[in-house]
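Those letters in the sequence shown? Residues 971 to 1026, per our numbering, in order.
The structure appears below as structure tokens.
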Amino acid sequence: MIKQIKNKKKIEKNLKEFNSLCEECKKKNESVNQNLILIGFKICNSCKTSKTIFPV
Ligand SMILES: [Zn+2]
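Encoded structure:
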């Protein structure tokens, strides 16, 4: 359990340092990392909203 939490934190940190650039609007945003983990897309919250309304 503890090992899993530690790994997740490490992955999140790596992702954050690796890239936080939105693939849709090419803007740097902290929400890009969260969305990559949550939905698997490198997009910011505003692009996520438009993708949810108009799924590709
Ligand atoms: Zn975006």
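We put the CB at the ideal spot given by N, CA and C, even for glycine.
Around the C-beta of residue i, are 16 or more other C-beta atoms found within 10 angstroms, so that it is buried, or is it exposed?
i, result
"K996", "exposed"
"L1006", "buried"
"K1018", "buried"
"I1009", "exposed"
Using a threshold of 7 angstroms, is the CB atom of residue i nearer than that to any non-hydrogen atom of ligand 1?
i, result
"S1016", "yes"
"I1013", "yes"
"K997", "yes"
"E994", "yes"
Are residue i and residue j closer than 8 angstroms when you measure CB to CB?
i, j, result
"N1003", "C992", "no"
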